[in-house]
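Shown next, in structure tokens, is the structure this report addresses.
Protein chains in written order, with the numbering used here: chain A, 1 to 437; chain B, 1001 to 1358.
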């Protein structure tokens, strides 16, 4: 055991390095870090979103000098979707950070209990898990603008053309990633299947068989479902769409969640996937805000995008929308507290009292890009709804009016699961000393 | 000069067989333990605990478990992460079924579950060897992760599908959950790793260790001199999986705080195999050296550009990191194929005769 010398030396060097670097990290302005995944198995879908998030923040810095005149210090910490790296990045950034954006569900689960103690809001737009909507349990967590259960409801709402009783006797396949994320819509879909008497067939796709789904699609061919709903991520999406084309499944009956609607996944098959749909909380288009980004970021060569065409993709623009929520949270907090340099607790208040109206969206040059959103103490999601997008062979286009979830149906389920979570993690602080106003 | 052994006379068999027959080794150990127990906690930040010290200790322990099986008993295994998962899930179930139980007891009990599973999957080793055994343990890896995903009872039917650690204390001191202070968790992990390491050093020097080494070096010869192969191999599987299970439980309870089933998937198995190989198969110390190289070095490298005042994108740094670590691994394997532990042994031999090599 004499031999531990090298160990101690290396760790001592490490400890020293860490002590020095944490001191160096403090910087002026609003510290808004992002735990990115531009590397690793999910980089393909992650990169466009991260680019959008980054470019919106850079644009605010260039155009308005930050938010409320305070420059944004937007830092990325690369996790590669790896939960070990997630811990590292969270610990590294949390010191000065106003917010944490953990991205992967695994990292979110690890970080969520810690944020109560460290008193940092956690922003998980379009992911996280559905019960997060209950702000009285998850005081520090936010997942605007819609949760997965909202998404599942909206997809069925679209399929049934607004009348779910018409689903009676139909057969719907849920092709999902065999992972907590993929299983998320199951409780709600099962409940709806029971209520409206349609048959739900969940078909899991293992993490290792994402790219080879021939068995799953054979089963789909045998089942002859009226619709296939996909809850996929990363390589699973492209795999499923290719198989669907190969087995000649009617594309117009094939719908995905918002993470299954990346342009890159469909470009390979192009026109053959015409008719494929994906629910989304942002509609692609050439909005005034895009012009600002082009002018202030892209033309100056500060963006990380590969080509200008990336600007039009759904995922890049979704990144912009995600940064919009954060920026609006900061602004709401600044206005309310009358302070420009807000702290994490004030940002929490800001995110809890978001009110992004139609008029505000017009002002931001994002009218029609996202639905208006309003959050409150017991509603950390906003449940703003979304649109169905359809692949026309070259790009996604908006294919429906605004679809909104039936909150009366979903809310009890959220409350129940939120209470379960608090029980499992007892003693769970809940709202604690945070006043609701 | 510093490591001179002349003048240290052994007058009894006992002193000749002591754990540290050379005085300098003993001094070194005391210095290291003092550093671990006293000096680091005086300076370390929360980040250092969470990203460097605790992970290195936990990975070292897991690798130590694997080393018992692969390095000492010669049975190749690719199922380490799966057995870690068994330990973690067992500990989770024990602490939710018996919420009053002391976490230390739960931790040591959960090791028995992974040991039992390890023995069950070790049974094929009685008939098959080498690469074929590696494939058999690979099967356990896939099966166990599948089980963690499908058997909802294991994660108490959580909506998230993951296991989450609630707050637990020992005599009023919070050791798990979000409110536990990193220093407490560090001392807890350090204590357990120290105890297990000490036990393993003695075990591998003793009767069992010698039986395992005999089986590793040539199983037919071992059988001819009267070693019961079945007992030797299965005891190696049991001890190895026991330690690995504890490491898995500690990983979730004292480091991460929550875990999805796919955490225990094959990449982690490989990572631990790498730690064991680069550290040195058949050594205890090698596991710690290997863990520093594979687990801690990337974290430290990530901090470098900031220290030097360079602005490199985090993603670019990640790519650079992979390249640097990869080439370091290759370099170490070329320079010393028997691992870092052997590397240190050579240095030590040189030190003993330095500065008069003749």
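Even glycine gets a Cβ: it sits at the ideal position worked out from N, Cα and C.
Query                                                                                                                 : Result
Separation of residue 146/A from residue 93/A, as counted between CA atoms                                            : 27 Å
Minimum Cβ-Cβ distance from residue 426/A to chain B less than 8 Å                                                    : yes
Helix, strand or coil at residue 24/A according to DSSP, with G and I counted as helix                                : Below a pLDDT of 50, predicted positions are generally treated as unreliable, and residue 24/A, at 40, falls in that range; the measurement from the model is reported next regardless. In this structure, residue 24/A counts as helix in the three-state DSSP scheme.
Chain D contact for residue 162/A (CB, 8 Å cutoff)                                                                    : Annotation note: the requested chain D is absent from the structure, which comprises protein chains A and B.
Nearest neighbour of residue 174/A, chosen from 140/A, 54/A and 228/A [CA to CA]                                      : 228/A
Within chain B, partners of residue 114/A - CB distance below 8 Å                                                     : 1178 and 1257
Cα-Cα separation between residue 21/A and residue 1301/B, rounded to whole angstroms                                  : Below a pLDDT of 50, predicted positions are generally treated as unreliable, and residue 21/A, at 43, falls in that range; no measurement from the model is reported.
Three-state secondary structure assigned by DSSP to residue 1336/B                                                    : coil
CB contact check: residue 131/A to chain B, cutoff 8 Å                                                                : yes
Residue 134/A beta carbon less than 8 Å from that of residue 378/A                                                    : yes
Cβ-based contacts, 8 Å cut-off: residues of the stretch 1224-1244 of chain B near chain A                             : none
Three-state secondary structure (DSSP) of residue 433/A                                                               : coil
For residue 1196/B and residue 1144/B, believed in contact at Cβ under 8 Å, the rounded distance                      : Actually they do not touch by this definition, with Cβ atoms about 22 Å apart.
Cutoff 6 Å; reference residue 1022/B; Cβ partners in own chain excluding five residues on either side                 : 1005
Range of the contiguous beta strand (DSSP E) that encloses residue 229/A                                              : 227-231
Span of the beta strand (DSSP E), counted from its first residue to its last, around residue 1169/B                   : 1168-1170
Exposed unless 16 or more other CB atoms sit within 10 angstroms - verdict on residue 26/A                            : Residue placement at residue 26/A is poorly supported in this model, since its pLDDT is 43, which falls under 50; the coordinates still yield a value, given next. By the neighbour-count rule (16 or more Cβ atoms within 10 Å), residue 26/A is not buried but exposed.
Where residue 304/A sits in the DSSP three-state scheme                                                               : coil
Residue burial classification, residue 1030/B (beta-carbon count within 10 angstroms, cutoff 16)                      : exposed
Proximity winner among 1194/B, 1192/B, 1229/B and 1322/B, relative to residue 1210/B (alpha-carbon distances)         : 1229/B
Neighbour-count burial assignment, residue 5/A, 16 or more Cβ in a 10 Å radius                                        : Residue placement at residue 5/A is poorly supported in this model, since its pLDDT is 46, which falls under 50; the coordinates still yield a value, given next. Residue 5/A should be labelled buried.
Chain A contact residues for residue 1050/B, given Cβ-Cβ distances below 7 Å                                          : 87 and 91
Inter-residue Cα distance where the pair is residue 87/A and residue 427/A                                            : 22 Å
Near-chain B residues of the stretch 28-53 of chain A - C-beta to any C-beta below 8 Å                                : 36, 38 and 39
Under 8 Å between C-beta atoms of residue 216/A and residue 205/A                                                     : yes
contact_flag[the stretch 1295-1311 of chain B, the stretch 1046-1058 of chain B] where n(CB pairs < 8 Å) is 3 or more : yes
Boundaries (first-last residue) of the beta strand (DSSP E) holding residue 202/A                                     : 199-205
Residue 40/A - DSSP class collapsed to helix/strand/coil                                                              : coil
Cross-chain neighbours of residue 117/A in chain B, by beta carbon under 8 Å                                          : 1178 and 1179
First through last residue of the beta strand (DSSP E) which encompasses residue 278/A                                : 277-280
The stretch 1040-1056 of chain B in contact with the stretch 1252-1261 of chain B per 3-pair CB rule at 8 Å           : yes
Neighbouring residues, chain A, relative to residue 1055/B (Cβ below 9 Å)                                             : 84, 87 and 88
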